[in-house]
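Step one of this worksheet: look at the structure below.
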Amino acid sequence: MILGWLPADVSTFGPSIDAVIRLIFYVVGTAFILAEGTLLVFVILYRRREGGRAAFVRGDSLRQFAWVLAPVIIVICFDVAIDARAKPVWDLVKLQSPAPGLTVKLEAFQYGWLFRYPGPDGQFGTRDELVQTTTLTVPTGQVVRLLMTSKDVIHSFYVPQLRLKQDVIPGREIPAWFEATVPGKYEIGCSQLCGVSHFAMKGIVRVLTPAEYQQWVSQKWPKSGAGAAKSASSVRSSAHAAEG
Amino acid sequence: MAETRSEPAPAEAHEQMGFWQQYIFSVDHKIIARQYLFLGLFMGYVGVFLSYVFRWQLAWPGTAAPLWGKVTPSQYYELVTMHGTIMVFFVAMPVLLGAFGNFLIPLMIGARDMAFPRLNMASFWTIFVGTVLLLISFFVPGGASRAGWTQYVPLSDSTLYLPGNYWGGNLWLLAVAIDFASVLMGGINFLTTAIAMRAPGMTVWRMPLLVWMELVASVLFMLSVGPLIAGVVMLLFDRIVGTGFFLPQRGADPLLWQHLFWFFGHPEVYVVAVPGLGIVMEILPVFSRKPIFGYRAIVWSALVAGTLSFIVWAHHMFVSGMNPNLAAPFSATTIAISVPFAVMLFALIATLWRAQITFATPMLFALGALANFLLGGVTGIPLGTDASDIYLHDSYFVIAHFHNTLVPTAVIGGFGGIYYWFPKMFGRMMNETLGKLHFIFTWVGFNLIFIPLFLIGLGGGQRRIYQASVYTYYKPLQPLHVIATIGLLILIIGQLPFIVNFLVSMFRGQQAEANPWHANTLEWMTDSPPPHENFHTIPVVTRGPYDYSVPGMERDWAPQNEELMAAAARN
Amino acid sequence: MSNSDVELVHSPDVFEGSFEIGKLGMWIFLAGETMVFGGLMVCYTLLMISRGGWGADGAHVAWRLGGLNTLVLFTSSLTAALAQGAARARDAAGVRRYLGATALLGLFFLVIKAFEYSSDFGEGFTPGTSLFWSFYYVMTGLHVLHLLAGVVVIFGLRWLIGPHTTDAWLERKLKYVCLYWYFVEMVWIFLFALVYLIPNVG
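Protein chains in written order, with my numbering: chain A, -4 to 239; chain B, 4 to 574; chain C, 164 to 365.
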């Protein structure tokens, strides 16, 4: 019910992140209900009665304190389990990147988004580089690698449905990756206060089917005539060269 | 034996002091505490007003908020920046440390005043100057700072990025630095007094938990604020002198500010939370007529939590661009810090087992604080876990989490403390009916605000957004904003009974006896209000603070300075 | 209910009377100050390491003047210690003499510093010149402010010494003031190493 508020998830690592969120919610939700419930029960049960006397329990012996220690130990076990479950997901999203099918450079600025496509030759800075404002067009089923920087202040690239968020910093190039699974238009929201129009800094990730994406590519680079496989593989090899 | 105490002037000499020396430039910790309380309450209501305006905009965008008008984006960002700044630095700390700490530490340990009364007076007037500077910043050309209470660089570093915001930004930095100096001065007093001026028999393990919590807060503050003071000086130099400490175009790393800010920022939230919990820890036993459960465990937990608080700060920076390999260790330490808090909270719940609970207003606030802090605590886990934080960082989930930790401790706990110690401070009782009304409106209103905000965060709503309708994923979340703002209006209405109660009771309330709550701690062993020198004779302490319902005693309470033999003999 | 002040109950773990509040207060104050200077120094050091040294940027700092200032402060610590010795020997005139010397040496430090700043500016090294110089001015500037405060307090204490000053009072106050002075000197030693020596060794 609560987790129903999560928006649709259209990224390959989305389910992993949602699984961590779900695990945490069930664990802490249970703990919360038990603790709060105990509090409520005690408050009702132990209201002052005429002639009643409270129990002189100081909790300073192990036998008494065990009642607090036991739940705390359970908390510790669940904490460790959550941490263990979360680490591989973090590593998946932030510590590595699968071989990208498409690499795009992103520049955030007050107040918008700029995307640089390398073009069919797979190199940035060459004549077939394409700059798009606001909209990042990508196909489904391909790993998209973003190399992100800011022109001015710290912004943050955030797409709720992709479960992706990464601050972008001026003077640095920070990588991120995703692979979209469902075609559609997904909004980019800036997620780090960047000025008085921070709220208006909307972008779009336009996810197309592979066929539609090919059409878009041939529209944008009409001379190339190269098939999807060629441009993809040349981008991949140049990206590897850049990483070497 | 060293000459240790700076004895305050004897009673007669004190009465001969003029109005200015007795009430305005007083060195009496009890008067200084009142000054802090009044200033903090006033600023609290300023902060609430600011939130009223921006929450009006969030619920009904583009409409005019009564008593303000239409909210522009620029104003919106001033409002949220100053709301956070005021609440943390100019309300929570002055009230929890300056008011409660100052009033209670000497009384609870059986001292006549703080170790350095003139330094104490200076600390109040310092924060007063800081407060004035901060308020002035609203009225300077360009208005108050708009860079968020976190003032991330490069946004806060130059008017290149926030045009016109020159004076507001500089005054913000100056006011906060002065605020820090004030709290540092207070910390010197709190620590020295508690270490050196305890009454005979008041061993550290017989100190009330609130005193322990104030000391932990003082140590945390003193050790964590230095690097941020350095950072504030550096940022001021960037803005005024033209250095490039934080500008990438001058070769610097903008993340340096975030490290400096959060190295302080995380211990800071415990500086606020821990004394607030301390107030709850004082109220619960009295209205349960039971000892606190696990006194020593609570003390050790507070010390462990305080120590750990220095190594969790980068959980605010998981997606900041810092080395992602740092996420795992900081995630581990953050999750670890839930353990000492779990001990403290479970111990507080256990205190209620087989109790004899009465629901006077202080107890209602203490229970409400505990109930909500539990929610705040568990919602810290998804934020402190690196993987889930990818999605939740900088969302309304964060806002709901920290309001469910800071408000229950500082505000709900703070109000509980006001109702509880008002008789001691002013010699009169507050009205119970108005108090209960205040509690219901405040607690219900508060939850109506922040439970929807958790859901907005889960739904993807990021924070600091002037107009959510820009985003389609925000559309289904808009009704939640409306509910939240209605909750705030309820909370605000509920402040009226409090303000009336507070002001009228101060002058017309029923006269209070020395110990209306039949509590054990030393402040109740003297008159209400205490005489200038606190105690006619310094008490000698023979027992701990929470001996309630001791078997074999007819009375269900046993003051700390009551001879064991005499108590037994009396029964 | 409780005993009067005269008949205090002495229990083994009572601390009342065994801590000198002035000394305690001064140490706590200095702990906070350590975090401020320490924060600046750690930032400076981390940035220096991450850049592999300051290179040419740090080569123009006036290390000879810095060295002279270090000698001046060392000497002032000596005179401060001598003042404390005079206080223990109940020699109020000696205390005044050595306090005066300490304060004058402090002033001498400030004069050299002023000369150094003006010559740095003259050569075109302002706070905005580079990250190194930004740190240099902020750290040494903060230190200068602390030293100036110390000089004022020392002069003030010296001025307060009169026929009515008790030996115990003087010895105590001197202890606190000298503690502060030694702290200011310690900070300088770190600054001298970090800002003058290390950039020039590479």
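Beta carbons: idealized from backbone N, C-alpha and C, even for Gly.
What you are looking at is a predicted structure, and each value in this text was computed from that prediction instead of being measured.
Counting only unbroken stretches of 3 or more residues, no beta strand (DSSP E) element lies wholly within the segment 311 to 369 of chain B. Apart from the 5 residues on each side of it in sequence, B/S552 sits with its Cβ closer than 7 Å to the Cβ of R292, K293 and D559 in its chain, given in chain order. Taking the C-beta atoms as reference points, A/G166 is found no nearer than 8 Å to B/Y164. With a threshold of 8 Å between beta carbons, B/Q359 makes contact with chain A. In the structure shown, the three-state DSSP call for A/L159 is strand. DSSP places A/L(-2) outside any alpha helix (DSSP H), giving it a letter other than H or E. Boundaries of the beta strand (DSSP E) around A/W172: I169 to E174. With a 10 Å radius around the Cβ and a threshold of 16 neighbouring Cβ atoms, A/E102 comes out buried. Secondary structure in the segment 379 to 456 of chain B: the alpha helix (DSSP H) runs of 4 residues or longer, each lying completely within the stretch, are 384 to 387, 389 to 395, 399 to 409 and 416 to 429 in chain order. In the displayed model, B/Y551 falls within a strand according to three-state DSSP.
Within the segment 369 to 397 of chain B, those residues whose Cβ lies closer than 7 Å to any Cβ of chain A are, in chain order, L370, L373, A374, L377, L378, V381, I384, P385, T388, D389, A390, S391, I393, Y394, H396 and D397. Under the three-state reduction of DSSP output, A/K82 falls in the helix class.
At a cut-off of 8 Å, the C-beta of B/R253 has a neighbouring C-beta in chain C. For A/Q156, the CB contacts under 6 Å within the same chain, skipping 5 residues up- and downstream, are P2, A3, V5 and Y181 in chain order. Counting of Cβ neighbours within 10 angstroms places B/Y422 among the buried residues, the total reaching 16 or more. Here B/W265 is not near B/G234, since their CB atoms are 8 Å or more apart. As summarised for the segment 53 to 116 of chain A, the continuous beta strand (DSSP E) elements at least 3 residues long and confined to that stretch are 97 to 104 and 107 to 112, given in chain order.
Residue burial annotation: A/P66 is buried, with at least 16 other C-beta atoms found within 10 angstroms of its C-beta. Of all residues in the segment 505 to 537 of chain B, none is placed with a Cβ closer than 7 Å to any Cβ belonging to chain C. In this structure, B/G133 keeps its C-beta atom at 8 Å or more from the C-beta atom of B/M90. Residue environment for B/Q78: buried (at least 16 other C-beta atoms within 10 angstroms of its C-beta).
Those residues of the segment 185 to 206 of chain C placed with their C-beta closer than 8 Å to a C-beta in chain B are L187, G188, I191, F192, A194, G195, E196, T197, M198, V199, F200, G201, G202, L203, V205 and C206, ordered along the chain. Per DSSP, reduced to three states, the secondary structure at B/W260 is helical.
In the three-state reduction of the DSSP assignment, B/A202 falls in the coil class. Closer than 7 Å at the C-beta level to chain B, one finds these residues of the segment 179 to 193 of chain A: E182, G184, S186, Q187, L188, C189, G190, V191, S192 and H193.
For B/I493 against B/G448, the beta-carbon gap comes to about 4 Å, under 8 Å, which counts as contact. Comparing alpha carbon positions, the residue from B/W520, B/V179, B/L61 and B/Y298 closest to A/V63 is B/Y298. Residue pairing from DSSP places A/L203 in a beta bridge opposite A/P134. If you look at C/G221, you'll find it isn't in any beta strand (DSSP E); DSSP assigns it neither H nor E. The beta carbon of B/N518 sits closer than 6 Å to the beta carbons of W527 from its chain, once the five residues preceding and following it are set aside; these are given in chain order. As a beta-bridge residue in DSSP terms, A/R140 pairs with A/T98 and A/W172.
Counted as a single uninterrupted DSSP element, the beta strand (DSSP E) harbouring A/V154 occupies residues H150 to V154. Under the DSSP assignment, C/C206 falls in the alpha helix (DSSP H) whose first and last residues are I184 to S213. DSSP places C/E334 inside the alpha helix (DSSP H), whose first and last residues are D330 to L354. Boundaries of the alpha helix (DSSP H) harbouring C/Y299: L294 to L323, taken from the DSSP string. Residue contact with chain C for B/M237: present (Cβ-Cβ distance below 8 Å to some residue of chain C).
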